[in-house]
Structure formats: C-alpha cells, structure tokens
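Chemist: Got a structure for you, written out below as structure tokens; questions coming shortly.
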Amino acid sequence: MSVDLPDLKILNLANNRFKGNIIRPPLVYLRELDMSFNSLTRRDGIGEYRQLEILALDSNAIKSIAVEIMKLSTVLQSLCIRSNQLSSIPYSTTNMRA
C-alpha cells in the first residue's frame with residue numbers, strides 16, 4: 482500500500498488476505514492498526530509507528546513477535562495476538578506498560 486496519508490490515525494485492514502508487509506512508514510500519527518484475520522506470518526517494521534496505541538494482529542499465522550515492538554513500550558496500550566502460531570514471545574514484552 483503506497484498512498485500518501487501521513488496524518489492517518491486509524492487504519493483497519495482486518496478480514497482480508499494480506500500476506501506481507503503492505504503498509505510502510507511514514508504514518509507518523511497512526512494510533513490504531515487492525516490487521517486481524519489476514520494471512521500474515523510476521524509484521525516487520527512495527528517499531529516505526531511511534532504513536533501506536535492499539536495493535537490488533539489476531540487470527541493470522543504469526544510465528545514470532547519482533548523484539549522491535551519494545552520501541553512502543555511507552556505508548557502501546559493494547560496488543561492483541563490471539564489465534565496465531567506463536568511458540569513464544571520476547572521476554573522483554575513482559576515488562577511493557579499495562
């Protein structure tokens with residue numbers, strides 16, 4: 482997805498058949514990203530969305546969570562990753578703000 486929407490705050494891409502990284506920075510003001518119910522195996526670059534408060538990745542095929550998610554540890558309020566193929570999550574995510 483290569484559109485110029487730098488002021489976008491909420492992006493819902495749920496219930497599609499996306500498989501790869503379809504969005505790229507600069508979405509500087511993005512606060513909510515829903516990519517649930519797709520066919521994602523990973524989500525790279527998530528640490529670049531420095532204002533992200535809500536991230537929904539439910540019901541995909543994600544096998545691991547990138548350590549770069551810790552870049553969001555001070556702003557991320559909700560991380561939904563249920564119904565994936567996770568075998569573990571980075572220990573550092575256990576110290577994220579509740």
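All you need for this note's numbering is the position in the sequence shown, starting with 1, plus 481.
Glycine included, C-beta positions come from ideal geometry on N, C-alpha and C.
Any idea what DSSP makes of S536, helix, strand or coil?
Modeler: One-based indexing of the sequence shown puts residue 536 at position 55. Looking at the sequence shown, residue 536 is not Ser but Leu. It is a strand residue.
Chemist: Looking only at its own chain, which residues have a Cβ that is under 8 Å from the Cβ of L492, when we skip the five neighbours before and after it?
Modeler: Counting from one through the sequence shown, the residue named residue 492 turns up at place 11. Annotation for L492: I504, L508, L511, E513, L514 and D515 place their beta carbon closer than 8 Å to its own, counting only its chain and skipping 5 residues before and after.
Chemist: So what does DSSP say about I503, is it helix, strand or coil?
Modeler: Within the sequence shown, the letter at position 22 stands for residue 503. If DSSP states are grouped into helix, strand and coil, I503 belongs with coil.
Chemist: Can you tell me whether S517 is buried or exposed, with buried defined as 16 or more other CB within 10 angstroms of its CB?
Modeler: Position 36 of the sequence shown, counted from the start, is the residue given in the question as residue 517. S517 comes out buried.
Chemist: How big is the Cα-Cα spacing for D539 and N496?
Modeler: Your numbering for residue 539 matches position 58 in the sequence shown. Your numbering for residue 496 matches position 15 in the sequence shown. Roughly 10 Å between the two C-alpha positions.
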